[in-house]
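Engineer: Numbering (our numbering), first residue to last: 114 to 618.
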Amino acid sequence: MALSNFTSYLNAGSTLLYVSFAFIIYYAVSSIIAYGRLRDFPGPLIGRFSYLWLIRNACSGRPAEHFTNLNRKHGSLVRIGPNDLVTDDPEILRRMNAARSTYGRSSWYDTTKLNPHEDSLFSLRDTGAHDKLKAKCAAGYAGKENLALEDGINSQVAGFVDLIRRKYVTIDDEVRPMDLGKTTQYFTLDVITRVAYGKEFGYLATDSDVHDYISTTEAAIPLLQLCSEVPWLANFMFSKPILGAVGPKHTDKSGLGKLMGVAKEVVGRRFGTDAKEEPDMLGAFIRHGVSQSECETEVLFQIIAGSDTTATAIRTTFLYLITSPRAYHTLKTEIITAVTQGRISSPITYEEGKAMPYLQAIIYEGLRMCAPFTGLCAKEVPVGGDTIDGHFIPSGTRIAQNVWGTLRRIDVFGKDADLFRPERWIEADAATKDKMQKTTELAFGYGRWGCAGKNVAFLELNKVFVELLRNFEFQILDPAKPWHSVNHNLFMQDNFWVRVTEHKD
C-alpha cells in the first residue's frame with residue numbers, strides 16, 4: 114500500500130512536471146512568434162512578449178498619460194502588447210472607425226458586456242447587427258422624437274442649483290463645503306435616468322448615492338479595465354458561466370444589479386398591453402422596433418456611458434476654470450452680459466449656448482484637457498492586413514486608441530497643447546478651428562462606432578456652466594490639493610471641495 118501510494122505520488126508529480134514543462138515550451142514558442150509578428154513597431158521591451166506592461170500600466174491609475182508619453186517618444190503607432198498597438202493619430206482613428214471601414218471591434222469590447230445574454234450598442238461586435246441596432250436607436254438619442262429631452266435636462270439643472278442653494282451656499286462666515294466631484298455625478302445620474310427611464314432617481318434631491326451605484330461601480334472599474342487589456346483574462350472573466358455567476362443581476366438589492374431591476378420593471382411597463390406612447394428616448398426606441406430585452410440593456414448602459422463620462426467633463430472643466438482666473442472672469446462676463454442684454458433664457462437653451470463664443474471655447478478646451486473616457490476601444494485589423502505609414506500590420510492585430518494623446522497633439526493644438534488656454538479657440542482661423550474641433554470630438558468616437566449619446570452630453574455642457582455661474586461663485590478650498598482623481602478608463606474624481614457663494618450683480 115505504501116509503495117503504491119508513493120508510486121501514485123511520483124506519477125502525480127511527474128504529470129505536474131510535464132504540464133509545467135509543456136506550458137513553458139508553449140509560452141516560449143508563442144512569445145517568439147508574437148515578437149516576430151509586430152517586430153517593426155517600437156515600444157516597451159516587455160510588451161513584445163507579454164501583457165505585463167499593460168497590467169502594470171492599468172494598475173497605475175494614470176494609464177492614458179503613459180500611453181501619451183509612448184506616442185510622443187516613439188510615434189503614432191507603438192507596440193504595447195504581443196498583438197497590440199496603440200495610436201494617437203487622428204487620421205488613423207478615422208481610418209479605423211469610418212462608416213465604410215473594414216476594421217471590426219476587437220475582443221476588448223467583450224468586457225463592456227454587463228448581461229451575458231444581451232449586448233448593448235457599445236458591446237456589440239457583429240458589425241451588421243450593430244449597424245441595424247444603431248439605426249433603430251438613432252432617433253431616441255438625437256432628440257428628434259424625444260421632445261422631452263431638453264426639458265428633462267432643464268429640470269435637473271434646476272435641481273442642481275436648488276441643491277447647492279439649499280445645502281452648500283456660504284451663509285455669512287459659515288462655510289459649508291461642497292464636494293463638486295460627487296454633486297456633479299449626482300447631477301449627471303439624474304439627467305441620464307430622467308432621459309433613459311422617464312424619471313430621475315433622486316440623487317440630487319437626496320444628495321446621496323441612490324442604490325449605491327457609484328460605490329459599486331468604482332469598486333469594479335479597476336478590474337474591468339484590467340480584463341479589457343488582457344485577452345486571456347477577459348475570456349475567462351466574461352465567459353457566460355462566470356459572468357452569469359458573479360455579474361450583476363436584476364434581483365440585486367443595490368449597485369448596478371438594482372438598476373438592472375429598475376430597467377426591467379420600467380421597460381416591462383412600456384411594453385405592457387395598456388402602455389401609452391411617450392415622447393421620450395425609450396418611446397422612440399420602441400417605435401423604431403428595438404426589442405424589450407434590447408431596451409433593457411440599452412437604457413442600463415446609458416447610465417454608465419452617459420453619467421460617468423459627462424461628469425468627468427464637467428468636473429475637469431470646472432477645475433481648470435476655477436484655477437484660471439482670466440478664463441473664469443471672461444466666461445462670467447460673457448454670461449452676465451448675455452443675461453443683462455436678454456440674449457439667454459432661464460434656463461439657457463441649447464441654441465443660445467452655442468451662440469456664446471467663449472462658452473464654446475471653455476467646453477471644447479475642457480473636453481480636450483481630459484478625455485472623459487480613455488478606454489482603448491481597440492479595433493481589429495481586417496483579413497489581409499493593412500499598411501499604415503509604410504508599415505504592414507497583420508490581420509487580427511488589435512489597434513487601440515489613445516484619445517488622451519490625440520486631444521493633446523502638438524501638430525493640431527500647438528506647442529502649448531498641454532496648457533488649458535481657451536483663447537486658442539477664439540484666436541484660431543476658421544480652418545484651424547475646424548481641425549481642432551473635429552479632433553476634439555474624437556472623444557466621442559467617430560463614424561460607425563461614434564457615441565450615440567453625444568447630443569445629450571453637449572446639451573448638458575451647454576447648460577450647466579451657464580446656470581451654475583449665473584447663480585454662484587466657486588472657490589477651491591485647498592489649492593494645494595484640489596481633488597482626488599484616478600483613471601481606470603473612467604475617471605473616479607472626488608474630494609473636490611469648494612466654497613460656494615451667491616453671485617452678486
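By construction, the Cβ of each residue, glycine as well, lies at the ideal position given by its N, Cα and C atoms. Computed from a prediction, not measured in an experiment: that's the story for all the values here.
Per the DSSP calculation, residue 197 is bridged to which residue(s)?
Structural biologist: Taking the sequence shown and counting its residues from 1, one reaches residue 197 at position 84. 194, 511.
Engineer: Would you kindly check if the distance between the Cβ of residue 462 and the Cβ of residue 573 is under 8 angstroms?
Structural biologist: The residue you call residue 573 lines up with position 460 of the sequence shown. The residue you call residue 462 lines up with position 349 of the sequence shown. Against a cut-off of 8 angstroms, the Cβ pair of residue 462 and residue 573 comes out as no contact.
Engineer: For residue 391 and residue 228, what's the separation of their Cα atoms in angstroms?
Structural biologist: Within the sequence shown, residue 391 is the residue found at index 278, counting from 1. Within the sequence shown, residue 228 is the residue found at index 115, counting from 1. Taking the straight line from one Cα to the other gives about 26 angstroms.
Engineer: Might you give, ordered along the chain, the residues of its own chain that have their beta carbon closer than 6 angstroms to the beta carbon of residue 342, omitting 5 neighbours on each side?
Structural biologist: Within the sequence shown, the letter at position 229 stands for residue 342. Short of 6 angstroms from the beta carbon of residue 342, and not among the five residues preceding or following it, lie these beta carbons of its own chain, in chain order: 167, 171.
Engineer: What did DSSP end up calling residue 348 once you bin it into helix, strand or coil?
Structural biologist: Numbered from 1 along the sequence shown, position 235 holds the residue referred to as residue 348. DSSP places residue 348 in helix when its eight states are reduced to three.
Engineer: Going by other Cβ atoms of all chains shown within 10 Å of its Cβ, with 16 needed for buried, is residue 139 buried or exposed?
Structural biologist: Stepping through the sequence shown from its first residue, residue 139 is reached at position 26. Model confidence at residue 139 stands at a pLDDT of 44, short of 50, so the residue's coordinates are unreliable and nothing is read from them.
Engineer: Taking the C-alpha atoms as reference points, what is the distance between residue 273 and residue 545?
Structural biologist: Numbered from 1 along the sequence shown, position 160 holds the residue referred to as residue 273. Numbered from 1 along the sequence shown, position 432 holds the residue referred to as residue 545. Rounded to the nearest angstrom, the gap between the Cα atoms of residue 273 and residue 545 is 36 angstroms.
Engineer: Flag this pair as yes or no: are the beta carbons of residue 397 and residue 253 separated by less than 8 angstroms?
Structural biologist: Taking the sequence shown and counting its residues from 1, the one referred to as residue 397 is at position 284. Taking the sequence shown and counting its residues from 1, the one referred to as residue 253 is at position 140. Cβ atoms of residue 397 and residue 253: closer than 8 angstroms.
Engineer: Classify residue 353 as buried or exposed, calling it buried when 16 or more other Cβ atoms lie within 10 Å of its own Cβ.
Structural biologist: What you label residue 353 is simply residue 240 of the sequence shown in a count that begins at 1. Counting Cβ neighbours within 10 Å, residue 353 comes out exposed, since fewer than 16 surround it.
Engineer: Please classify residue 414: is it buried, with 16 or more other beta-carbons within 10 angstroms of its beta-carbon, or exposed?
Structural biologist: By one-based count along the sequence shown, residue 414 stands at place 301. When all chains shown are included, residue 414 counts as buried.
Engineer: Quick one: any contact between the region 218–225 and the region 514–521, if contact means 3 or more CB pairs under 8 angstroms?
Structural biologist: A contact is defined here as three or more CB-CB pairs under 8 angstroms, and the region 218–225 fails this definition with respect to the region 514–521.
Engineer: Among the residues of its own chain, which have a CB less than 7 angstroms from the CB of residue 308, if the five just before and after it don't count?
Structural biologist: Here residue 308 corresponds to residue number 195 of the sequence shown, with the count starting at 1. Answer for residue 308: 262, 265, 394, 569, listed in chain order.
Engineer: At the level of alpha carbons, what is the spacing between residue 483 and residue 490?
Structural biologist: On the sequence shown, position 370 is the one that residue 483 refers to. On the sequence shown, position 377 is the one that residue 490 refers to. So the alpha carbons of these two residues sit roughly 17 angstroms apart.
Engineer: For residue 136, does the count of other Cβ atoms within 10 angstroms reach 16, so buried, or fall short, so exposed?
Structural biologist: By 1-based counting over the sequence shown, the position of residue 136 is 23. Legend: pLDDT at residue 136 = 42, less than 50; position of this residue unreliable, value from coordinates given subsequently. Classification of residue 136: exposed, given that the 10 Å Cβ count is below 16.
Engineer: Would you call residue 442 buried or exposed, if buried means 16 or more other Cβ atoms sit within 10 Å of its Cβ?
Structural biologist: For the purposes of this step, residue 442 is taken as residue 329 along the sequence shown, with counting starting at 1. Residue 442 should be labelled exposed.
Engineer: Give the straight-line distance between the Cα atoms of residue 240 and residue 231, rounded to the nearest whole angstrom.
Structural biologist: Here residue 240 refers to the residue found at position 127 when the sequence shown is read from its first residue. Here residue 231 refers to the residue found at position 118 when the sequence shown is read from its first residue. Spanning the two alpha carbons is a distance of roughly 15 angstroms.
Engineer: What do you get for residue 603, buried or exposed, if any count of 16 or more other CB atoms within 10 angstroms of its CB means buried?
Structural biologist: Start at 1 with the first residue of the sequence shown, and residue 603 comes out as number 490. So residue 603 counts as buried.
Engineer: Just list the residues that DSSP pairs residue 228 with in beta bridges.
Structural biologist: In the sequence shown, counting from the first residue as 1, residue 228 sits at position 115. Residue 228 pairs with 231.
Engineer: Once you ignore the five residues that flank residue 247 on each side, which residues in its own chain have a CB closer than 7 angstroms to its CB?
Structural biologist: Working through the sequence shown from its first residue, we reach residue 247 at position 134. Closer than 7 angstroms at the Cβ level, and outside the excluded window around residue 247, lie 234, 565.
Engineer: Going straight from the alpha carbon of residue 522 to that of residue 552, what length do you get?
Structural biologist: By one-based count along the sequence shown, residue 522 stands at place 409. By one-based count along the sequence shown, residue 552 stands at place 439. If I take the Cα positions, the gap works out to 9 angstroms.
Engineer: Using DSSP with H/G/I as helix, E/B as strand and the rest coil, what is residue 139?
Structural biologist: If you number the sequence shown from 1, residue 139 lands on position 26. Low confidence applies to residue 139: its pLDDT is 44, below 50, so where it sits in the model is not reliable, and the reading given next is rough at best. Residue 139: helix per DSSP, three-state reduction.
Engineer: Can you say whether residue 388 is buried or exposed, counting buried as having 16 or more other CB atoms within 10 angstroms of its CB?
Structural biologist: As a working mapping, residue 388 is identified with position 275 in the sequence shown. The residue in question, residue 388, is exposed, as its Cβ has fewer than 16 Cβ neighbours within 10 Å.
Engineer: At the level of alpha carbons, what is the spacing between residue 280 and residue 270?
Structural biologist: For this step, residue 280 is matched to residue 167 along the sequence shown. For this step, residue 270 is matched to residue 157 along the sequence shown. Taking the straight line joining both Cα atoms gives about 16 angstroms.
Engineer: Use the C-beta contact count for residue 588: other C-beta atoms within 10 angstroms, 16 or more gives buried, fewer gives exposed.
Structural biologist: Translated into positions along the sequence shown, residue 588 becomes position 475. Exposed.
Engineer: With distances taken from CA atoms, which of 506, 201, 216, 302 is nearest residue 321?
Structural biologist: Within the sequence shown, the letter at position 208 stands for residue 321. Of 506, 201, 216, 302, the residue nearest in Cα terms is 302.
Engineer: Between residue 598 and the rest of its own chain, which residues show a CB-CB distance below 8 angstroms, the 5 nearest in sequence each way excluded?
Structural biologist: Numbered from 1 along the sequence shown, position 485 holds the residue referred to as residue 598. 604, 605, 606.
Engineer: When the Cα of residue 577 is compared with those of 505, 175, 473, 182, which residue comes out closest?
Structural biologist: Counting from 1 along the sequence shown, the entry for residue 577 is found at position 464. For the residues 505, 175, 473, 182, the minimum Cα distance to residue 577 belongs to 473.
Engineer: I need the boundaries of the beta strand (DSSP E) containing residue 605, first residue and last residue.
Structural biologist: Looking up residue 605 in the sequence shown gives position 492. It spans 603–607 - the beta strand (DSSP E) in which residue 605 sits, taken as one unbroken run.
Engineer: Where does residue 291 sit, in a helix, a strand or coil, going by DSSP?
Structural biologist: In the sequence shown, residue 291 corresponds to position 178, counting from 1. DSSP, reduced to helix, strand and coil, places residue 291 within a strand of the structure shown.
Engineer: Can you check whether the CB of residue 194 is closer than 8 angstroms to the CB of residue 216?
Structural biologist: Looking up residue 216 in the sequence shown gives position 103. Looking up residue 194 in the sequence shown gives position 81. Result no, Cβ atoms of residue 216 and residue 194 do not sit closer than 8 angstroms.
Engineer: Taking the Cβ atom as the reference point for each residue, do residue 297 and residue 427 lie within a distance shorter than 8 angstroms?
Structural biologist: Taking the first residue of the sequence shown as 1, we reach residue 297 at position 184. Taking the first residue of the sequence shown as 1, we reach residue 427 at position 314. Yes. Within cutoff.
Engineer: Which one of 257, 556, 611 has the shortest CA to CA distance from residue 401?
Structural biologist: Within the sequence shown, residue 401 is the residue found at index 288, counting from 1. When only C-alpha atoms are compared, the closest one is 257.
Engineer: Which of the three DSSP states, helix, strand or coil, is assigned to residue 599?
Structural biologist: Your numbering for residue 599 matches position 486 in the sequence shown. Strand at residue 599.
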